[in-house]
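Quick note: the sequence shown uses this note's numbering, first residue 1133, plus one each step.
Even glycine gets a Cβ: it sits at the ideal position worked out from N, Cα and C.
Worksheet for the structure shown next.
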Amino acid sequence: MAGQQKDGKAAPDKSLWERLEQPVAAPRASLSLERIGAVAVRVADAEGFAAVTMRRLATELGVAPMAAYRHVSGKDDLWALMAEWVAAEHRIPEGMTEWREVLRAFALLTREMMLRHPWVGQLPTALFVLTPGRMAIAERQLASLDGLGLDEDTMMMAFRTVSAYAHGAASSEVALLEWTQAEGWSSGAETRMGLAPQMTYLMETGRYPTYRRYGLRSRRKDDATWTFETGLDCVLDGIAARLGI
1133 MAGQQKDGKA
1143 APDKSLWERL
1153 EQPVAAPRAS
1163 LSLERIGAVA
1173 VRVADAEGFA
1183 AVTMRRLATE
1193 LGVAPMAAYR
1203 HVSGKDDLWA
1213 LMAEWVAAEH
1223 RIPEGMTEWR
1233 EVLRAFALLT
1243 REMMLRHPWV
1253 GQLPTALFVL
1263 TPGRMAIAER
1273 QLASLDGLGL
1283 DEDTMMMAFR
1293 TVSAYAHGAA
1303 SSEVALLEWT
1313 QAEGWSSGAE
1323 TRMGLAPQMT
1333 YLMETGRYPT
1343 YRRYGLRSRR
1353 KDDATWTFET
1363 GLDCVLDGIA
1373 ARLGI
């Protein structure tokens, strides 16, 4: 229950993370924040983000819906738990300290995580929700930039620039995969065959000669890893050149 502040307004309850981390005198009950988060992620992985509702979670957990509400106050808490669960997958090696390798590792892990959990890009607060795990990820990257003569705003800008690239590029890749799967296409070749009537017409108009040359000469159309990593290296090269680090 919330207490009372001096102005008479209700004081906020303990945060979700304070409740998660506080010590308990007895063994944890079968229904816990950790278990709720794990089940929510499992349902989203199997059936998509829309399948995660408090009623569905209560069914999966074998409890009444109101029991789940005693642990999470609503969708914001639930989204935060899901974001915290997948944040644990960002395990940058402890011995890695140089800024570029740390930020590059983070970006690669972000892509891997989003391919494993396509629903992450649908979280309304995907980039901004505060959780202990996400704060630890940010701290690790900012610490790698510390001591290079950069002010705090510039350090944060570098971190956010790489984060924006990683999330944006991975989200586009996930969206393309989901679309092609929905169309029943399982490869780049099948996708191009499915789009051939439209593409043939567009190319034959003669309005897109550079794109036509790409279509005829490209050898990496289906190499999403090369595309992501090359773009990432361009971003990191730009940061290094601009900031002189």
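The Cβ atoms of A1178 and L1189 do not sit closer than 7 Å to each other. Taken through DSSP and simplified to helix, strand or coil, K1353 comes out as coil. Around the Cβ of T1362, a 10 Å sphere holds fewer than 16 other Cβ atoms; the residue is exposed. Between the beta-carbon of M1288 and that of D1278 there is about 11 Å, and that puts the pair past the 8 Å contact cut. With a 10 Å radius around the Cβ and a threshold of 16 neighbouring Cβ atoms, G1338 comes out exposed. Shown here, L1255 sits in coil according to DSSP, grouped into three states, outside any helix or strand. The continuous alpha helix (DSSP H) containing V1175 extends over residues L1165 to E1179. When the Cα atoms are used, G1370 and G1253 turn out to be separated by approximately 26 Å.
Taken through DSSP and simplified to helix, strand or coil, I1371 comes out as helix. About 6 Å separates the Cβ atoms of R1236 and L1368, confirming a contact at the 8 Å cut-off.
Sixteen is the threshold: when 16 or more other Cβ atoms of the shown chains lie within 10 Å of the Cβ of A1290, as they do, the residue is buried. The Cβ neighbour count for M1198, taken over all protein chains shown within 10 Å, is under 16; the residue is labelled exposed.
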